[in-house]
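Under the numbering used here, read the sequence shown as residues 180 to 686, first letter to last.
The C-beta atom is built at its ideal place from N, Cα and C for all residues, glycine as well.
These numbers were taken from a predicted model, which means no experiment stands behind them.
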Amino acid sequence: MRGGKLPGRIAVTCIIACAVMITCLGGCSGNKSDVITLRVSNWEEYIDEGDWGEDELIELDDGTEIIGRNNLINDFEDWYLETYGVQVKVEYSTFGTNEDLYNQLTIGDVYDVVCPSEYMIMKLMREGMLVPYSSDFRNAYDENNYYENGVSPYIRSVFDDLSIEGEPLSKYAAGYMWGTLGFVYNPDEVTKEEASHWNILLNRDYYRRITIKDSVRDAFFAAAGVHFYDEITSDEFINSPDYHERLSQIINSTDVDTVNSIEDILANAKDNVYSFETDSGKADMVTGKVVANEQWSGDAVYTLDQAEEDGVELCYAVPQECTNLWFDGWVMLKSGIEQDTRKQHVAEAFVNYLSKPENVVRNMYYIGYTSVISGGDSDTVFDYLNWCYAAEDEEEAEDEETAADASEDDPQEEETHEEDAELVEYSEIGYFFEADTDEANKKYSVITTENQLDRQLFAQYPPMSVLDRAVVMACFDDESNERINRSWTNVRCFDLNSLFGSKRKYE
180 MRGGKLPGRI AVTCIIACAV MITCLGGCSG NKSDVITLRV SNWEEYIDEG DWGEDELIEL
240 DDGTEIIGRN NLINDFEDWY LETYGVQVKV EYSTFGTNED LYNQLTIGDV YDVVCPSEYM
300 IMKLMREGML VPYSSDFRNA YDENNYYENG VSPYIRSVFD DLSIEGEPLS KYAAGYMWGT
360 LGFVYNPDEV TKEEASHWNI LLNRDYYRRI TIKDSVRDAF FAAAGVHFYD EITSDEFINS
420 PDYHERLSQI INSTDVDTVN SIEDILANAK DNVYSFETDS GKADMVTGKV VANEQWSGDA
480 VYTLDQAEED GVELCYAVPQ ECTNLWFDGW VMLKSGIEQD TRKQHVAEAF VNYLSKPENV
540 VRNMYYIGYT SVISGGDSDT VFDYLNWCYA AEDEEEAEDE ETAADASEDD PQEEETHEED
600 AELVEYSEIG YFFEADTDEA NKKYSVITTE NQLDRQLFAQ YPPMSVLDRA VVMACFDDES
660 NERINRSWTN VRCFDLNSLF GSKRKYE
């Protein structure tokens, strides 16, 4: 209990207890049934927990000040009571992987709102486990509907286009965070070209110096990029009119021959990489234990930030063959919501509260991931982007002055400072805030330092040229899931084939 004084707390508790007793003697109508409980399960360390230091205050150009004093869960409870006059209690828990969440649901754990990734959302849709969002949630005229009024047009189109059995993802899911899959790498040890291909996982020059995700879908995706390299990088394939559809179909292939080949690739990668990991790769990159790490873009931003504090500059690369367009989204479960309209309103309000631009900024600052919210009529999210990455005039002037002073004594030093201070215009992110047009790109351009083209800004808001080769992980049927999960067991644990000879057990 940090900073707590126990005697004082006891005294305050007694006073409050007495006050409640007196109130009830005078006619207490409240009881526990008046409180609506919302059971939420989210990824670990995936929401602002508050307790920011005063030096972490975010001051935007328009004068907006943002700081996380309390955690967002408690702030939501207060906001809902103030806005709707009803007391809410959020029971918040976390999970480690999509598969962990699904296992919890199948053994009987009950939640109202959960935040799985794209393919798991589609699986839950297919199995009829979700409640659709209400028409009230989609009402753009409601000023409290921050999601409907603020979600990125690009993300909206992705959710509308993805469907399961004829129903769009957007009917059942509201986005939370999104990004790409690639490699964090140390540019002093690994070239950008090497880090821009999935087959770096097999590169013996980096024996035991690379890590891969300990996740069946993320590892399978990377190996698919290796397996289909020749086909998906050919000029004929890239220039085909249905390139994106074909790429998605190929990378999500689960036929027997493909799975067998991918198993072999992952087995070879296992012999080469330092480890399969879910979270330790970030620290291993910062300490220099490894020189490249398969990462989700949000974790990449966190890793780059942490390394920077230690004086180490790392970079982020997206493989040229393909990348995963991933997103996590909020869905409501039938088993929890049932037909309780009051609880569903709380659940939808919870999503809206997290989509409020100021809270979007709090979340992005705290966890390093990129929200699906662009802000709509509010410029808060874009102003925060500028706050993070735009080169300031004062800094530019200082760099020039420093470079001029250094040049008097050392011409080589002048060249170094000029390179460090070189500015570029990052102008390919209009698609996220408004539309994929030249006008939108000009409106939402950022003047930044050149190194941000391979660092945090690039990781958080990739250009459309990267998203053109981005594929959403498909929702596999039961037969395909069984096949790849058994293959994954062979790679990670033991090879079932050794028990049955060389013939694949799952053929």
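query = Buried or exposed: Tyr386, going by 16 or more other Cβ atoms within 10 Å of its Cβ?
reply = exposed
message = Suppose you measure from the CA of Leu284 to the CA of Glu571; what does that come to, to the nearest Å?
response = 49 Å
ask   = Mind checking Ile430: buried by the 16 CB within 10 Å criterion, or exposed?
value = buried
message = Let me make sure I understand the geometry here. Which of Asn620, Gln499, Trp231, Trp377 has the alpha-carbon closest to that of Ile417?
response = Gln499
Element boundaries [alpha helix (DSSP H), containing Trp159] = The chain is shown only over 180 to 686; residue 159 falls outside these bounds and no answer can be derived.
Ser331 at chain B interface by Cβ criterion, 8 Å = Protein chain content of the structure displayed is limited to a single chain, and chain B is not contained in it.
query = Should Tyr320 go down as buried or exposed, given a rule of 16 or more other Cβ atoms within 10 Å for buried?
reply = exposed
inquiry  = Does Thr668 come out as helix, strand or coil in the three-state DSSP assignment?
reply    = helix
ask   = Taking C-beta to C-beta, are Thr437 and Lys392 nearer than 8 Å?
value = In this structure, Lys392 does not lie closer than 8 Å to Thr437 by Cβ.
ask   = Are the Cβ atoms of Lys513 and Leu309 separated by less than 8 Å?
value = yes
ask   = Excluding the five sequence neighbours on either side, which residues of its own chain have a C-beta within less than 8 Å of the C-beta of Glu244, listed in chain order?
value = Leu236, Ile237, Glu238
message = Using the three-state DSSP reduction, which class does Tyr290 fall into: helix, strand or coil?
response = Three-state DSSP puts Tyr290 in coil, outside helix and strand.
ask   = With 16 as the cutoff for other CB atoms within 10 Å, does Thr359 come out buried or exposed?
value = buried
key: Residue span of the alpha helix (DSSP H) that contains Arg541, given as start and end   = 536–546
query = Going by beta carbon distance, what residues of the same chain come within less than 7 Å of Ser208, once the five residues before and after it are set aside?
reply = Reliability of the predicted coordinates at Ser208 is poor, the pLDDT of 39 falling under 50, and the value obtained from them is presented with this limitation in mind. Nothing meets the Cβ criterion.
query = The alpha helix (DSSP H) with Lys350 in it runs from where to where?
reply = Lys350: not part of any alpha helix (DSSP H); DSSP gives it neither H nor E.
key: Val540 versus Glu344 - alpha carbon distance   = The straight-line gap separating the alpha-carbon atoms of Val540 and Glu344 is approximately 35 Å.
key: Residue span of the alpha helix (DSSP H) that contains Asn277, given as start and end   = 277–285
ask   = So what's Met511 in DSSP terms, helix, strand or just coil?
value = strand
message = Rounded to whole angstroms, what is the Cα-Cα separation between Thr595 and Ala462?
response = Confidence in Thr595 is poor, its pLDDT being 40 and thus under 50, which makes the residue's placement too unreliable to answer from.
key: Arg383 classed as buried or exposed, judged by whether at least 16 other C-beta atoms fall within 10 angstroms   = exposed
Close beta carbons around Gly460, own chain, < 6 Å, minus the five adjacent residues each side = Thr390, Asn472
request  = With a threshold of 16 other CB atoms inside 10 Å of the CB of Gly247, please say whether the residue is buried or exposed.
outcome  = buried
ask   = Between the C-alpha atoms of Thr142 and Glu223, what's the straight-line distance to the nearest angstrom?
value = Since the first and last residues shown for the chain are 180 and 686, residue 142 lies out of range.
Pairwise C-alpha distance: Thr502 and Glu297 = 14 Å
ask   = From Glu601 to Gly547, what does the alpha carbon distance come to, in whole angstroms?
value = 25 Å
query = Opposite Lys392 in the DSSP bridges: which residues?
reply = Glu456
Whole runs of the alpha helix (DSSP H) within the region 295–354, excluding any shorter than 4 residues = Listed in chain order, they are 297–305, 325–329, 332–340.
request  = Return the CA-CA distance between Glu372 and Ala528, expressed in angstroms with no decimal places.
outcome  = 45 Å
key: Pick from Val267, Val330, Trp377, Ser659 that is closest to Gln474, judged by C-alpha positions   = Trp377
Proximity of Ser659 and Ile441 at Cβ, strictly below 8 Å = Contact flag unset, no.
Close-in-space but distant-in-sequence residues of the same chain around Leu348 (CB under 6 Å, 5 per side omitted) = Phe338, Leu341
inquiry  = To the nearest angstrom, how far is the alpha carbon of Arg335 from that of Val405?
reply    = The straight-line gap from Cα to Cα measures roughly 31 Å.
message = Quick check: what's the CA-CA separation for Asp367 versus Gln639?
response = 23 Å
ask   = Closest to Val603 by CA distance: which of Glu618, Tyr568, Glu613 is it?
value = For Val603, the closest of Glu618, Tyr568, Glu613 by C-alpha to C-alpha distance is Tyr568.
key: Residue closest to Gly361, alpha-carbon to alpha-carbon, out of Gly354, Glu492, Ala353, Ser375   = The shortest CA-to-CA distance from Gly361 to any of Gly354, Glu492, Ala353, Ser375 is the one to Ser375.
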